[in-house]
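Residue numbering for the sequence shown follows my numbering, starting at 37 and increasing by one per position.
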Amino acid sequence: MRGLPIVLALALAAPAAAKKAPEVDRVGLAAVLLRDGHPDRAALVLDGVDPEAEEVDKARYYTLRGVIALRQQDFRGALDAFDGAIAAGATDSSLHLYRARSAYALDDCETALSALDQAGPAVQDGGPDMFVIPAECHWRGGRHALSLAALDAGEARHPEHRGFQRTRIQRLVELGLFQAAVEAGRRFLAGGAAAIEDHLFVSEALIRAGQPGEARALLEEARLIFGDDERILVQSGHAWLGAEHPIIGARMFERAALYDPAYSRDAAEIYREQRFFARALALNGRLFEQPAKLRQRLALLLDMQRFEAAAALEPRLSRLGLLTEDEELRYALAYARFRLGDFETAEGHLRRLQSPQMFERAGQLRKAMADCRAGVAQCD
């Protein structure tokens with residue numbers, strides 16, 4: 037609730053002319069409980085108040101109701117209560133800021149924007165959220181220029197809130213304004229002490245925008261500042277892949293694997309796709325997670341046409357239960373046996389396939405085996 041203290045202060049303040057009526061006492065007690073951090077108890081006290089009673093300060097009652105509901109995240113109740121306070125004669129402009137916050141939480145952008153207009157200059161002291169709300173609402177409504185203008189205003193008023201710059205970069209990318217996004221990203225990184233997370237955020241936005249070259253340049257600068265952090269290396273790997281330089285990308289993942297061995301799998305997969313099989317096998321050997329290691333090794337051995345070695349993985353795959361949970365692996369073993377001329381064992385694997393997708397592939401492999409037996413095809 038930072039930036040919206042005025043209404044709550046007015047609600048909690050003792051009335052100028054204290055009345056002794058029970059209802060007024062209850063409103064005062066609720067204000068004290070709310071001030072002391074007990075909104076649930078305050079709500080129970082207010083349940084005993086008749087807001088239509090002549091001696092009750094309606095504006096104060098409904099303001100307290102609104103603040104309680106807002107703290108309880110009952111945004112519909114909060115909006116209705118603040119509307120009631122205004123209808124009862126409350127004139128403090130901060131009430132409209134509360135209304136804007138409540139309406140925005142209900143995805144009611146029309147009411148939220150209207151409330152901000154009614155708040156007038158109070159928006160300037162309402163905290164960063166009072167600029168986030170119009171930026172988001174205008175964006176949802178397709179009013180992109182107004183959304184960007186709200187972000188600019190928010191950044192000018194709250195320069196310490198770097199979320200405005202982050203959102204602007206995302207919006208520029210979504211609009212396809214890639215060069216503007218690059219320039220905004222560089223300004224974002226140049227302003228203040230940018231953290232690793234900031235570099236990663238900007239580079240990821242550029243990669244998604246189809247600008248891997250710009251992302252690579254930013255990530256190289258980040259490596260000079262932060263060294264070989266694994267997150268930077270992984271992001272660089274994605275950037276190189278996006279720029280259609282898979283081998284350099286693989287090397288980035290390989291370097292990241294020095295910090296987290298799990299990235300050996302990514303590097304090995306890229307090398308496999310590029311048919312650098314020896315390097316892929318070496319990296320696969322570094323994996324600790326056995327299911328992932330065996331799946332990848334089987335694919336590698338088949339690509340290398342090392343069918344005996346592929347078939348020899350069957351006991352390990354079976355011991356880990358992988359043949360039961362992944363029919364692709366069983367089919368791969370059947371194919372390896374087929375290529376070795378062991379049609380009987382291959383058929384044994386095919387008979388255990390159950391999914392419709394595997395039935396079709398099994399039928400194709402059975403036909404190939406039949407052609408080999410009949411001498412229609414050369415299968416040596």
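For glycine and all other residues, C-beta sits at the position ideal for the given N, C-alpha and C.
Quick one: using the 10 Å Cβ neighbour count with 16 as the cut-off for buried, is residue i buried or exposed?
{"i": "A136", "result": "buried"}
{"i": "D144", "result": "buried"}
{"i": "D128", "result": "buried"}
{"i": "R112", "result": "exposed"}
{"i": "I283", "result": "exposed"}
{"i": "Q495", "result": "Nothing about residue 495 can be reported from this structure: the residues present for the chain run from 37 to 416 only."}
{"i": "L131", "result": "buried"}
{"i": "Q109", "result": "exposed"}
In this structure, how does DSSP classify residue i when only helix, strand and coil are distinguished?
{"i": "C408", "result": "helix"}
{"i": "A241", "result": "helix"}
{"i": "Q390", "result": "coil"}
{"i": "S354", "result": "helix"}
{"i": "F324", "result": "coil"}
{"i": "Q247", "result": "coil"}
{"i": "R62", "result": "helix"}
{"i": "L236", "result": "helix"}
Where residue i and residue j are concerned, what is the direct C-alpha to C-alpha distance, given to the nearest angstrom?
{"i": "L260", "j": "Q310", "result": "29 Å"}
{"i": "R202", "j": "V238", "result": "8 Å"}
{"i": "Y295", "j": "L369", "result": "33 Å"}
{"i": "I232", "j": "I268", "result": "8 Å"}
{"i": "A186", "j": "L149", "result": "12 Å"}
{"i": "L386", "j": "Q271", "result": "41 Å"}
{"i": "P58", "j": "Y97", "result": "For P58, the predicted model reports a pLDDT of 45, less than 50, meaning its position is unreliable; a value from the coordinates is still stated below. Roughly 14 Å between the two C-alpha positions."}
{"i": "V168", "j": "R223", "result": "20 Å"}
{"i": "R315", "j": "L211", "result": "41 Å"}
{"i": "D302", "j": "Q206", "result": "27 Å"}
{"i": "P164", "j": "E305", "result": "45 Å"}
{"i": "Q332", "j": "M166", "result": "51 Å"}
{"i": "D72", "j": "G64", "result": "13 Å"}
{"i": "Y134", "j": "V92", "result": "22 Å"}
{"i": "Q400", "j": "R388", "result": "15 Å"}
Would the beta-carbon of residue i fall within 9 Å of that of residue j?
{"i": "G263", "j": "W276", "result": "no"}
{"i": "F379", "j": "M340", "result": "no"}
{"i": "R291", "j": "L336", "result": "no"}
{"i": "A258", "j": "A217", "result": "no"}
{"i": "D188", "j": "R198", "result": "no"}
{"i": "L254", "j": "H235", "result": "yes"}
Taking only beta-carbon positions, decide if residue i is within less than 9 Å of chain D.
{"i": "D234", "result": "Among the chains of the structure shown, chain D does not appear; only one protein chain is present."}
Ranges of the beta strand (DSSP E) found wholly within the region 143-223, counting only runs of at least 3:
none
Only counting runs of 4 or more residues, tell me where the alpha helix (DSSP H) segments fall wholly within the region 73-142, in order along the chain.
75-82, 94-107, 111-123 and 130-141
Which parts of the region 253-302 are runs of the alpha helix (DSSP H), unbroken and 4 residues or longer, counting only runs that do not cross its ends?
266-278 and 282-292
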